[in-house]
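> Line by line, the protein sequences are chains Y and S.
When we follow my numbering, the leftmost residue of the first sequence carries the number 174, and every step to the right adds one.
When we follow my numbering, the leftmost residue of the second sequence carries the number 527, and every step to the right adds one.
Glycine included, each C-beta is placed from N, C-alpha and C at the ideal position.
The structure under discussion is supplied below as structure tokens; questions concerning it will follow.
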Amino acid sequence: MTKTTAKTGRAVPAPSAAPGLVVDYAPSIESDKIVTIAPRQQLYIGGQWVKPVEGRYFQTTNPATLAPLSEIAEAGAADVDAAVRAAKRAYDRTWSKLSGRERGRYLFRIARLIQERARELAVLETLDNGKPIRETRDVDIPLVAAHFFYYAGWADKLGYALPGVKLAPLGVAGQIIPWNFPLLMAAWKIAPALACGNTVVLKPAEQTPLTALKLIEIFEAAGLPPGVVNIVTGAGATGAALTAHPLVRKVAFTGSTEVGKTIARSVAGSGKKLTLELGGKSAHLIFADAAIDQAVEGVVNGIFFNQGHVCCAGSRLLIEESVAERVLDKLRTRMQKLRVGNPLDKNTDIGAINSTAELEKIRRLVETGKQEGARYYEPENITLPAKGNFLRPCLFSDVASSHTICRVEVFGPVLAASTFRTPAEAIAKANDTPYGLAAGIWSEKGSKVHAVAAQLRAGVIWANTYNKFDPTAPFGGYGESGYGREGGRHGLLPYLEVVP
Amino acid sequence: MIVSVRDRDGAPRGIPVVPVDAVGAEERAAFFAKRSIKAKSKLDLLYLAIRMMDLTTLEGADTPARVRQMCRKALQPAAPALTEALQKVEGFRPIPSVAAVCVYPLLVPHAVKVLEGSGVHVASVATSFPSGQVSLKTRLLDVREAVESGADEIDMVINRGAFLAGEYQQVFDEIAAVREACAAAHLKVILETGELGTLDNVRFASDLAIGAGAHFIKTSTGKIVPAATPPVTLVMLQAIADHHARTGERIGMKPAGGIRTAKQSIQYLCMLYETLGPAWMNPDLYRFGASALLNDVLRQIYRQYTGRYYYDKGYSLD
């Protein structure tokens with residue numbers, strides 16, 4: 174429909190079918206030159222790098238290229254024992270003797286050093302974990318620093334944490350962290366423990382030990398006394414030795430529900446304090462009166478952030494039936510714009526699945542979802558790199574509560590969507606899970622948001638946003654998502670005991 | 527919710543009221559600034575930005591000579607010496623003309639004289655730009671005169687007073703009347719988002735303008751701060767996306783005012799690409815209203831080709 178003006182006879186820009194420009198963002202790769210990775214890394218015990226007694230090492234690889242990154246010491250029971258004893262010594266001789274203000278100074282210094290070395294830490298995390306550099310740069314590492322800053326501030330104010338109650342540190346904390354946010358989880362565990370006056374033996378996940386080991390350089394630069402933080406790398410057996418150690422007074426675990434249950438059994442009756450932050454199958458509710466475009470963004474962020482390797486991922490989408498098709502259409506269109514690929518590319522939205530085992534597990538669950546009859550969608554325009562653990566994000570719709578993908582935690586970029594008719598049904602469906610870690614609500618009606626939030630059994634509830642983390646906000650779950658809270662004032666209490 | 531209005535034939539029309547979550551919209555809009563555009567992609571977008579530019583002068587002090595000079599710049603954005611320098615670079619593509627010049631109605635004939643037959647359009651801000659606070663009769667006369675003088679694109683302002691007073695029928699009628707007065711000329715409807723106060727209003731004004739017959743919706747006159755911002759532009763693009771999903775019709779978008787750097791223009795184009803897709807990546811459906819952007823785009827094109835900057839005086843002023 175080309176029109177011309179009488180006067181000039183020139184073509185008028187009518188809505189045209191002229192093909193527009195297809196923009197294929199050229200690669201914009203963050204250099205990995207800033208990072209040095211030692212080919213072989215030892216255990217860190219009592220302020221020394223120590224070879225493992227049994228002399229065993231395992232490999233950590235880059236999930237985006239499957240190239241080996243480093244050989245990591247595997248800590249056996251004897252190494253764990255040495256680490257716990259070193260922590261106990263540091264607790265008795267130095268750390269518990271320091272004033273809160275002194276401890277706070279160390280934590281502030283650590284936080285500053287993390288900021289100074291943020292780019293290096295972001296690149297290293299991306300190499301070891303596979304998550305996009307945009308996320309490590311803009312989310313993980315800034316939050317790591319924020320956690321140390323926040324708990325640094327608490328160190329000399331513990332007397333005010335519970336007014337009228339005198340609190341004291343516990344001793345040695347044994348901490349086991351997962352591979353999905355390696356450095357951030359280390360910060361969540363270490364910062365409050367040290368602020369409260371405890372010492373730490375940390376076991377990073379065997380898939381992603383590098384940033385925790387790098388953190389030691391920062392602790393040393395900050396002058397942290399030897400033994401205050403010890404790192405024992407290894408897999409399940411190392412973790413079991415740590416939680417079972419009699420000198421450990423407090424166990425903090427973030428990881429799968431299955432392992433969490435084992436740990437709960439193993440520490441039962443030991444008098445150890447325990448916090449568990451486990452799996453989830455969090456509901457993301459969209460009401461018809463929501464701001465739909467922003468809700469779709471929230472859903473994308475809720476499930477595709479960090480390849481869906483997020484314990485609080487909004488993996489169950491519940492949409493009010495009257496807007497369901499519209500929301501799903503927009504979601505499918507939006508998913509086509511997600512960029513999957515090299516995690517070091519600054520334009521990558523979804524990086525590599527963390528391990529081959531994890532990739533296979535996700536694929537199996539996706540197959541189950543297809544077989545059970547849910548409607549499957551993946552954006553086929555997305556091309557995946559030829560090598561590495563990559564997966565297209567996908568969406569199941571017409572999902573029933575009985576479907577496996579609606580009940581089991583997939584821990585990948587897999588979204589299960591179904592519908593509801595009324596707020597009561599939305600609440601019932603959202604709570605129809607053994608988990609209870611997080612939930613999201615989208616509605617422009619404030620009274621509805623509050624009424625629904627009050628009835629959801631989830632530790633974290635986001636309204637008109639999702640996956641927002643802040644060190645001041647407590648985080649933790651209901652039911653099989655675990656117990657105890659991390660973050661905020663609540664996050665201090667697991668590391669303290671009441672002095673009678 | 528739906529607001530119902532009547533169109534020129536008295537038939538009822540429903541304009542949807544779509545809520546916008548401001549926090550989410552701002553967050554999404556800010557995301558595009560994180561895209562890291564390099565190499566050929568960058569060059570492609572810089573060239574596209576020139577082809578999408580409405581080179582604008584809207585000053586009380588505008589004179590025929592000033593407008594003629596700007597029209598020369600519109601036709602040939604790079605000064606001859608700069609072009610000559612660039613021609614030595616392998617793979618150099620000639621710098622295109624801009625999409626249009628945008629001037630006050632009185633200056634339209636002077637622009638037409640220079641641009642006739644060139645493919646560069648002549649846009650004019652009519653309807654008593656920028657406030658629009660005169661009678662509809664006068665505003666329509668303004669439009670007709672601009673079209674008769676040879677403007678083939680009309681940038682009108684909506685009646686923000688009526689909009690904020692809730693007189694949506696009046697706003698709708700006025701846009702429809704202007705569209706009729708435009709005859710064959712193309713209509714861009716300026717919402718003046720800096721005066722609308724909320725993104726909810728921006729979204730509803732977008733839908734109202736599209737419903738009343740806008741070919742393009744445009745953020746701002748450039749006379750009010752803030753002018754174009756990423757969140758406002760995003761919300762308008764989403765209105766265009768929804769209209770396209772409903773009707774298959776493609777409405778154009780023009781952010782105007784405050785876009786001064788090549789980097790900003792690239793961020794806006796990433797937003798466009800990821801919100802509406804490749805079909806909109808063309809000057810028939812997207813324009814930048816700008817007076818200061820062109821030279822910075824040229825500067826970055828030179829740098830992209832050569833790895834360094836051309837000397838400052840190598841760019842023509844107009």
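Using a Cβ-Cβ cut-off of 7 Å, state whether Pro-188 (chain Y) counts as contacting chain S.
Here Pro-188 (chain Y) scores only 41 on pLDDT, less than 50, and its place in the model should not be relied on; the value that follows carries that caveat. So yes, Pro-188 (chain Y) belongs to the interface.
> Taking 7 Å as the CB-CB limit, is Arg-705 (chain S) close to chain Y?
no
> Going by DSSP, what residue range makes up the alpha helix (DSSP H) through Ala-287 (chain Y)?
Before going further, note that residue 287 (chain Y) is Ile rather than Ala in the sequence given. Note, Ile-287 (chain Y): alpha helix (DSSP H), 273-289.
> Alpha carbon to alpha carbon, how far is Ala-703 (chain S) from Glu-598 (chain Y)?
48 Å
> Under 7 Å Cβ-Cβ, which residues of chain S neighbour Thr-577 (chain Y)?
The premise fails here: Thr-577 (chain Y) is roughly 31 Å from chain S at the closest Cβ pair, so nothing lies under 7 Å.
> Provide the residue span of the alpha helix (DSSP H) that contains Asp-733 (chain S), from first to last.
725-738
> Would you please verify whether the beta carbon of Asn-727 (chain S) is less than 7 Å from any beta carbon of chain Y?
no
> So with CB distances below 7 Å, who are the chain Y contacts of Tyr-799 (chain S)?
In chain order: Val-196.
> Tell me where the alpha helix (DSSP H) around Asp-254 (chain Y) begins and ends.
250-266
> Does any residue of chain Y have a CB that is nearer than 7 Å to the CB of Val-546 (chain S)?
yes
> Could you check which residue in S:Gly-676, S:Ala-677 and S:Leu-662 has the C-alpha nearest to that of Ile-522 (chain S)?
In the structure as shown, chain S starts at 527 and stops at 844, and residue 522 (chain S) therefore has no counterpart that could be examined.
> Closest Cβ-Cβ distance between Gly-617 (chain Y) and chain S: below 7 Å?
It is Glu, not Gly, that sits at residue 617 (chain Y) in the sequence shown. Chain S contact via Cβ: present.
> Measuring only the C-alpha atoms, how far is Gly-649 (chain Y) from Ile-283 (chain Y)?
Cα-Cα distance, rounded: 25 Å.
> If you drop the 5 nearest sequence neighbours on each side, which residues of the same chain put their C-beta closer than 7 Å to that of Gly-407 (chain Y)?
Glu-247, Ala-248, Lys-376 and Glu-379
> Measure from the C-beta of Gly-586 (chain S) to each C-beta in chain Y and report whether the shortest distance is under 7 Å.
no
> Quick check on Glu-659 (chain Y): does DSSP put it in helix, strand or coil?
strand
> Using C-beta distances below 7 Å, list every residue in its chain close to Ser-189 (chain Y), excluding the 5 sequence neighbours before and after it, in chain order.
Low per-residue confidence applies at Ser-189 (chain Y): pLDDT is 43, beneath 50, and the placement is therefore not dependable, though the value from the model is reported in the following sentence. Correct list: empty, nothing qualifies.
> Where does Gly-442 (chain Y) land, buried or exposed, given buried means 16+ other C-beta within 10 angstroms?
exposed
> If you follow the beta strand (DSSP E) that Asn-235 (chain Y) is part of, which residue opens it and which one closes it?
230-235 is the extent of the beta strand (DSSP E) around Asn-235 (chain Y).
> Is Ala-604 (chain S) closer than 7 Å to Ile-621 (chain S) when the C-beta atoms are compared?
yes
> How many angstroms separate the CA atom of Glu-390 (chain Y) from the CA atom of Arg-285 (chain Y)?
Take the alpha-carbon of Glu-390 (chain Y) and the one of Arg-285 (chain Y): they are about 13 Å apart.
> With a threshold of 7 Å between beta-carbons, can Arg-561 (chain S) be considered close to chain Y, or not?
yes
> What's the gap between the Cα of Gln-790 (chain S) and the Cα of Arg-561 (chain S)?
11 Å
> Can you give me the Cβ contacts of Ser-654 (chain Y) inside the same chain, cut-off strictly under 7 Å, excluding the 5 residues immediately before and after it?
Leu-451, Gly-452, Gly-453, Tyr-608, Gly-609, Leu-610 and Gly-632
> Relative to the C-alpha of Val-169 (chain Y), which residue among Y:Ile-210, Y:Val-345, Y:Thr-595 and Y:Gly-613 is closest?
Since the first residue of chain Y shown is 174 and the last is 673, residue 169 (chain Y) is not available in this structure.
> Which two residues bound the contiguous alpha helix (DSSP H) that contains Thr-592 (chain Y)?
Counting along the chain, Thr-592 (chain Y) sits inside no alpha helix (DSSP H); it lies in the beta strand (DSSP E) bounded by residues 587-593.
> When you compare the CB of Gln-790 (chain S) with every CB in chain Y, is at least one pair closer than 7 Å?
no
> Taking a contact to mean a Cβ-Cβ separation below 7 Å, would you say Asn-637 (chain Y) touches Asp-547 (chain S) in this structure?
yes
> For Lys-744 (chain S) versus Ile-716 (chain S), is the C-beta spacing smaller than 7 Å?
yes
> Since Val-640 (chain S) is in the alpha helix (DSSP H), which residue starts that stretch and which ends it?
634-641
> Which residues does DSSP list as the beta-bridge partners of Asp-518 (chain Y)?
Y:Ile-202
> Identify the residues that DSSP records as bridge partners of Val-500 (chain Y): which are they?
None, per the DSSP bridge assignment.
> Using a Cβ-Cβ cut-off of less than 7 Å, list which residues of the segment 635-657 of chain Y approach chain S; keep chain order.
Asn-637 and Thr-638
> What span of residues does the alpha helix (DSSP H) with Leu-242 (chain Y) cover, start to end?
Taken as a continuous stretch (DSSP letters only), Leu-242 (chain Y) belongs to no alpha helix (DSSP H), being part of the beta strand (DSSP E) at 240-246.
> Of the residues S:Leu-612, S:Ala-626, S:Val-634 and S:Ser-567, which one's Cα is nearest the Cα of Gly-840 (chain S)?
Ranking S:Leu-612, S:Ala-626, S:Val-634 and S:Ser-567 by Cα distance to Gly-840 (chain S) puts S:Leu-612 first.
> Any beta carbon from chain Y within less than 7 Å of Ser-567 (chain S)'s own beta carbon?
yes
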